[in-house]
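Protein sequence lines, in the order shown, are assigned to chains A and B.
Going by our numbering, the first residue of the first sequence is number 1, and it counts up by one from there.
Going by our numbering, the first residue of the second sequence is number 1, and it counts up by one from there.
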Amino acid sequence: MHLMYFTEQPMSAYPEAEGRAFGATALMFSNRHFDPAAGSRLYNEYLEHYRLAETVGFDGIMLNEHHNAPFCMQAKCNVFASILAATTRRVKIVLLGNPLPLADNPVRLAEELAMIDMVSRGRLVSGFVRGGGQEQLATGVNPAFNRERFEEAHDLIVKTWTQPGPFRWEGSHYQHRVVNPWAVPLQKPHPRVWIPGVLSKETIIWAAKKRYPYIALSTAIEATKKIWELYDSVAAEAGYTGGPEYRGYLQRCHVAETEEKALENARQFMWMQGEFTGLAHPVWSTPSGYFSPSIRTQFVEYAVGRRTNPRGATFEDQINTQMIVAGTPKTVIPKLRRLLEETRPSILGFWAADGFVSSADTRTCIRLMGEEVLPALREIGKELGLWSPFEANAPTSVTFPESAAPATERAAARQPTPLEVS
Amino acid sequence: MSTSTGTWTTETIPIGGVAMQLTRAGEGPPLLVLHHDVGTLARLPFYDALARRFTVLVPSHPGYDGSQRPEWMRNVRDLAAVHQWLLAELPITRAPQTVAVVGLGFGGWIAAEMASQAPRTFKKLVLVGATGLKPEHGVIADQALLSYIDYVRLGFSDQFAFDRLFGAEPETSRLEHWDLNREMSFRIAWKPYMYNPTLPHLLGGISTPALVVWGRDDRVVPLECGQRYAKALPRARLEIVDGAGHFVEMEKPDELARLVIAFVSQGDA
């Protein structure tokens with residue numbers, strides 16, 4: 001199993017009443033409500049949590065980014081990835097991910113990612129996302145071409161990583177006279193790409209065709225099973241067998257010393273959902289052309305308030321469906337076993353705390369997970385045969401069937417040492 | 001394909017791989033009407049009033065109002081070009097300067113682009129609340145930040161006029177229709193939003209007589225844009241309609257029809 005720590009990096013230190021009075025906390029909610037002193041404190045607390053996660057035994061740190069909203073104050077995952085590349089030693093740095101359509105220069109992204117991969121000595125996993133609806137507006141990027149830009153930027157980045165330059169790129173959305181960045185990734189054929197998602201079938205199909213692991217972001221167990229049915233059927237068409245090494249899941253999971261404390265803190269997961277879906281303006285979060293045409297009816301109704309968010313559910317529902325898991329190590333382990341047995345992921349991210357959960361409680365959660373939950377899950381993983389892409393030496397992609405590894409290791413393996421030669 | 005709606009008929013005319021959808025009625029000299037970014041209702045009292053004097057041609061912009069979306073289109077000049085194809089195809093509009101045009105809002109921008117590309121196309125040019133020019137002071141209302149209903153309501157000075165036409169709570173099918181139109185608008189007019197920075201310069205060579213009409217309460221395109229159009233077009237005058245917002249043709253159909261008929265017919269024998 002590959003077990004990751006994750007936080008949305010919530011910026012809870014803002015006047016909530018102002019947000020409620022304005023009626024939204026994303027995109028147009030003024031950044032005069034941002035408190036940089038609190039921001040400075042929180043960024044450093046989050047860094048401390050990441051380092052603690054490595055110390056207690058997590059395999060990876062999952063990072064993401066969002067824009068113009070307090071639910072996530074990480075505006076550029078490559079910034080935190082750079083810091084962690086230099087300040088951690090062992091964990092994989094898993095970006096889920098860079099929002100490709102927002103980039104006007106994917107070659108620069110390829111270059112930044114190559115730098116992170118080298119500084120971290122080959123610990124980068126480079127996921128890609130489409131970006132949120134309102135982020136298209138915040139960036140001025142056309143939502144109607146979101147998926148086209150996503151796919152083209154991906155193709156350009158992978159080519160930049162794998163084909164020696166210079167070459168020219170004349171695409172639909174990107175044109176580059178010269179693609180020839182000096183920095184290239186340490187991992188060959190290229191860093192692993194994992195694709196996170198919530199709802200869009202198109203993304204699941206695309207990931208499966210590429211043979212990229214798909215990371216289901218906190219979907220309910222039954223919905224997750226449907227995702228794997230679809231993924232596996234596309235995999236079969238593509239000529240390989242789906243399975244645990246292609247399955248990831250992000251689990252909201254808060255662990256505390258007592259049940260009461262855990263449940264109280266777990267309610268804070270609703271803070272983010274309130275900000276993200278309840279207080280986000282539905283028109284901004286679902287601009288025309290951004291969402292899947294197959295669910296146009298649902299989204300136009302949502303946009304005018306005739307339907308609740310297709311992604312929304314109450315706290316109690318989410319506890320019942322295990323979209324949120326909370327408790328002591330003793331009580332969460334059986335629930336996580338159920339998740340592993342029923343959906344069989346090998347990549348598991350833990351979204352450990354949100355909203356106003358204190359730094360001390362977050363540290364306790366990370367420590368308890370490391371001491372008690374992760375070792376138990378590793379045993380369950382072995383029992384169920386949930387081998388991660390690293391353990392299974394899974395192919396990097398359908399195009400590059402080799403397993404990704406740092407060029408340093410490859411060189412050592414490939415070339416005889418001077419001693420052997422003599 | 002041809003379907004009849006009273007005296008109005010709709011047909012699909014394939015030109016250059018684009019399925020042009022054209023609704024028409026009436027007799028007399030040809031008058032082209034180019035609709036808004038939110039599309040158009042199939043029938044409007046304004047169209048009926050014009051059809052009593054003209055052969056009224058109301059094409060759907062390809063990609064709007066259920067017409068086939070040309071995936072390749074990237075800007076409003078592409079739309080202007082395919083509307084020129086249509087005029088070249090129809091016997092009634094083929095000869096230069098036989099057809100007058102009424103461009104409504106976004107359709108006014110398309111009409112201005114058509115006239116700038118081919119200044120001999122139109123006999124008369126009528127722009128009503130036209131987008132296409134960057135306001136110096138205000139901004140063109142951005143539908144990307146507004147719900148489908150709020151955006152259309154913003155175009156009305158009198159909210160009861162909206163209610164009468166669309167219902168106080170428009171049906172979901174109407175919203176989907178607006179969403180499809182909005183997506184097409186994003187595909188071709190996303191950035192800069194709803195204007196062409198070179199258009200002010202391109203208007204200078206259009207010698208066609210032009211009437212610029214603006215609703216006094218237009219909250220979608222600022223009145224200053226009407227003043228700029230009237231100034232930049234060499235032979236233009238500005239008429240302001242009281243009690244109308246952006247959708248002058250839906251709020252003051254008779255008044256707008258009178259203005260159009262008088263202006264377009266002026267000088268005819």
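We put the beta carbon where it would ideally sit given N, CA and C, even for glycine.
What you are looking at is a predicted structure, and each value in this text was computed from that prediction instead of being measured.
Check, Outcome
"Within 7 Å of chain B by C-beta, residues of the region 290-302 of chain A in sequence order", "Arg-296, Thr-297, Val-300, Glu-301"
"For Val-18(B) and Pro-62(B), believed in contact at Cβ under 8 Å, the rounded distance", "5 Å"
"Contiguous alpha helix (DSSP H) assignments of at least 4 residues, all confined to the region 185-214 of chain B", "199-202"
"Any non-hydrogen atom of the ligand MN closer than 7 Å to Asn-68(A) Cβ", "Ligands in the displayed structure: none, and consequently the ligand MN is not present."
"Interface residues of the region 124-145 of chain B facing chain A [CB-CB below 8 Å]", "Ala-144, Leu-145"
"CA-to-CA distance, Cys-225(B) to Arg-235(B), given in whole angstroms", "16 Å"
"Given Asp-361(A) as reference, the closest of Glu-54(A), Phe-6(A), His-254(A), Pro-293(A) once Cα atoms are compared", "His-254(A)"
"Beta-carbon spacing of His-246(B), Gly-205(B) below 8 Å", "no"
"Bounding residues of the beta strand (DSSP E) (the contiguous stretch that carries Pro-59(B))", "55-59"
"When His-177(B), Phe-156(B), Ala-88(B) are compared against Gly-16(B), the one with the closest alpha-carbon", "Ala-88(B)"
"Inter-residue Cα distance where the pair is Val-421(A) and Gly-127(A)", "Low confidence applies to Val-421(A): its pLDDT is 49, below 50, so where it sits in the model is not reliable, and the reading given next is rough at best. One C-alpha to the other measures close to 41 Å."
"Cα-Cα separation, Leu-384(A) to Asp-232(A)", "18 Å"
"Distance between Thr-93(B) and Thr-121(B) (C-alpha atoms, nearest Å)", "9 Å"
"Under 9 Å from the C-beta of Lys-191(B): neighbouring residues of chain A", "Gly-140, Val-141, Asn-142"
"Every unbroken alpha helix (DSSP H) within the region 91-127 of chain A, with a cutoff of 4 residues, ordered by chain", "106-119"
"Residues bridged to Phe-350(A) (per DSSP)", "Tyr-5(A), Gln-251(A)"
"Euclidean distance between Cα positions of Glu-111(A) and His-190(A)", "12 Å"
"Sub-8 Å separation of Ala-238(A) and Lys-209(A) beta-carbons", "yes"
"Ser-345(A), DSSP secondary structure in three states", "Note on identity: in this sequence residue 345(A) is Pro, with Ser being the wrong assignment. Three-state result, Pro-345(A): coil."
"His-137(B) classed as buried or exposed, judged by whether at least 16 other C-beta atoms fall within 10 angstroms", "exposed"
"Test: Leu-199(A) CB closer than 8 Å to a CB of chain B", "no"
"C-alpha gap between Pro-282(A) and Tyr-302(A), whole angstroms", "7 Å"
"Pairwise C-alpha distance: Lys-92(A) and Gly-122(A)", "8 Å"
"Check whether His-33(A) and Tyr-14(A) have beta carbons under 8 Å apart", "yes"
"Min CB distance Trp-284(A) to chain B below 8 Å", "yes"
"For Met-62(A), the residue or residues it bridges with in DSSP", "Phe-6(A), Val-94(A)"
"Span of the alpha helix (DSSP H) around Val-158(A)", "146-162"
"Where Leu-47(B) falls: helix, strand or coil (DSSP)", "The sequence shown places Tyr at residue 47(B), rather than the Leu named in the question. Tyr-47(B): helix per DSSP, three-state reduction."
"Status (buried if at least 16 other CB within 10 Å, exposed otherwise) for Ser-2(B)", "Residue confidence for Ser-2(B) is low, a pLDDT of 42 falling below 50, so the modelled location carries little weight; the figure read from the coordinates is stated next. Label assigned to Ser-2(B): exposed."
"CB contact check: Ser-2(B) to chain A, cutoff 8 Å", "Unreliable positioning characterises Ser-2(B) in this predicted model, as indicated by a pLDDT of 42, which lies under 50. A coordinate reading is not provided."
"Spatially closest choice to Ala-24(A) from Lys-124(B), Leu-90(B), Leu-145(B), Asp-48(B), by CA coordinates", "Leu-145(B)"
"CB contact check: Leu-175(B) to chain A, cutoff 8 Å", "yes"
"Validate contact between the region 257-272 of chain A and the region 166-180 of chain B using beta carbons, cut 8 Å, 3 pairs", "no"
"Segment limits, beta strand (DSSP E) that includes Lys-124(B)", "122-128"
"Among His-2(A), Asp-35(A), Asn-98(A), nearest to Gly-57(A) - alpha-carbon criterion", "His-2(A)"
"Proximal chain A residues relative to Glu-171(B), where beta-carbon distance stays under 7 Å", "By Cβ distance, chain A contributes nothing, its closest Cβ being about 10 Å from Glu-171(B), past 7 Å."
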